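Have a look at the structure below, then the notes.
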Amino acid sequence: MNTRHELSFEHVTKLYRGTYGIQDLSVKLTSGEIAAFIGPNGVGKTTLVKAAAGLLSLSGGSVSLWGQNTKERSCRAEIGYMQSNMSFYEKMTVYEVLDFLNSVKFGGRYFAEIESGLYRYHLHEQRNTRIHQLSLGMKRKLSILMALMGEPKLILLDEPESGVDTSGIIRLKADLTACAARGAIVILTGHVLDFLEKVCTRCIFLKDGRIVKDVSIKEKSVGLEALYEEIYGGN
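My numbering applies: residue 18 is where the sequence shown begins, and numbers increase by one.
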């Protein structure tokens, strides 16, 4: 039986130069959920993902995973986060980046996972290619692999489908479904509603740094496009 985890955003507030990015937001997610934060640019999606990853200093409130603040180092070891900026790794090869992550974060326990991941995302031929030589799509797939490594209990992917080829998206859907089945919590952001509707179990719509609608995919009576139009109009 899977242990149930809870991710809890408690009164999360983030101010940027006096303007609210997130306003007193509270929401809980449990094991097996694949949830999406949805909304136009600037509503706070990436801010919430970074807060969940423990990478953001909040103006108020907290984010905890099974009762432990996500800013704590021991908790962050259980979090897989998709990095949008890979400049730190530019001179390393694809394999070196994954091996470095495996060594530093997991003590080398997931060597076999590196090989299988490279094959799953069609990156094996690029294993000795330096990061700065990769296409944007290949960098995105490598970032996904990094986030999924080590069976994290919380997986955070910021627009993971952006720039990724069809085979990569198909693989990602299967992997996220498997992660949820083993009890992980998955959070996505994105603008491709068809992708989110197919992979997510829950969609949380944001506006002005607040939750304006929280729906279960199984329970909703209208599609995400209709909901989006209803909430945001032409934005």
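The beta carbon of each residue, even a glycine, is placed where N, CA and C say it ideally should be.
Predicted model, so just to flag it, every value in this text is computed and none were measured.
**Prompt:** How many Å lie between Gly167 and Asn119 at the Cα?
**Reply:** In the sequence shown, residue 167 corresponds to position 150, counting from 1. In the sequence shown, residue 119 corresponds to position 102, counting from 1. Gly167 and Asn119: Cα-Cα distance of roughly 8 angstroms.
**For Gly71 and Glu89, the rounded distance between their alpha carbons** = Translated into the one-based positions of the sequence shown, residue 89 becomes position 72. Translated into the one-based positions of the sequence shown, residue 71 becomes position 54. If you take the alpha carbons of Glu89 and Gly71, they lie about 7 angstroms apart.
**Request:** Tell me whether Arg147 sits in a helix, a strand or coil according to DSSP, three-state version.
**Result:** Translated into the one-based positions of the sequence shown, residue 147 becomes position 130. DSSP places Arg147 in strand when its eight states are reduced to three.
**Request:** Tell me, to the nearest whole angstrom, how far the beta carbon of Ile172 is from that of Gly97; I am working on the premise that it is less than 8 angstroms.
**Result:** Mapped onto the sequence shown, residue 172 falls at position 155. Mapped onto the sequence shown, residue 97 falls at position 80. Indeed they touch by this definition, with Cβ atoms about 5 angstroms apart.
**Prompt:** Would you call Val229 buried or exposed, if buried means 16 or more other Cβ atoms sit within 10 Å of its Cβ?
**Reply:** Counting from 1 along the sequence shown, the entry for residue 229 is found at position 212. Answer is exposed; the Cβ neighbour count stays below 16.
**Request:** With a threshold of 16 other CB atoms inside 10 Å of the CB of Val181, please say whether the residue is buried or exposed.
**Result:** Within the sequence shown, residue 181 is the residue found at index 164, counting from 1. Flag for Val181 reads buried.
**Request:** Report the partner residues of Phe54 according to the DSSP bridge assignment.
**Result:** Position 37 of the sequence shown holds residue 54. Answer by DSSP bridge pairing, in chain order: Thr206 and Ile221.
**Request:** Label Gly314 either buried or exposed according to how many other C-beta atoms from any shown protein chain fall within 10 Å of its C-beta, with 16 as the threshold for buried.
**Result:** There is simply no residue 314 to check, as the chain begins at 18 and stops at 252 in what is shown.
**Item:** According to DSSP, residues forming a beta bridge with Ser81
**Value:** Along the sequence shown, one-based indexing puts residue 81 at 64. The partner list for Ser81 (beta bridge, DSSP) reads Ser25 and Asn86.
**Asked** Using the beta-carbon count (16 or more within 10 Å), is Lys108 buried or exposed?
**Response** Counting from one through the sequence shown, the residue named residue 108 turns up at place 91. Flag for Lys108 reads exposed.
**Asked** For Val60, does the three-state DSSP call read helix, strand or coil?
**Response** Position 43 of the sequence shown holds residue 60. Correct three-state label for Val60: coil.
**Asked** In whole angstroms, what separates the C-alpha of Met18 from that of Gly84?
**Response** Numbered from its first residue, the sequence shown carries residue 18 at position 1. Numbered from its first residue, the sequence shown carries residue 84 at position 67. Any reading at Met18 must be qualified, since the residue scores a pLDDT of 39, below 50, and its modelled position is unreliable; no value is offered.
**Request:** Name the residue from Ser160, Tyr33, Lys45 and Gly38 whose alpha carbon lies nearest to the alpha carbon of Ser25.
**Result:** In the sequence shown, residue 25 corresponds to position 8, counting from 1. Looking at the Cα atoms, Lys45 is the closest of the given residues.
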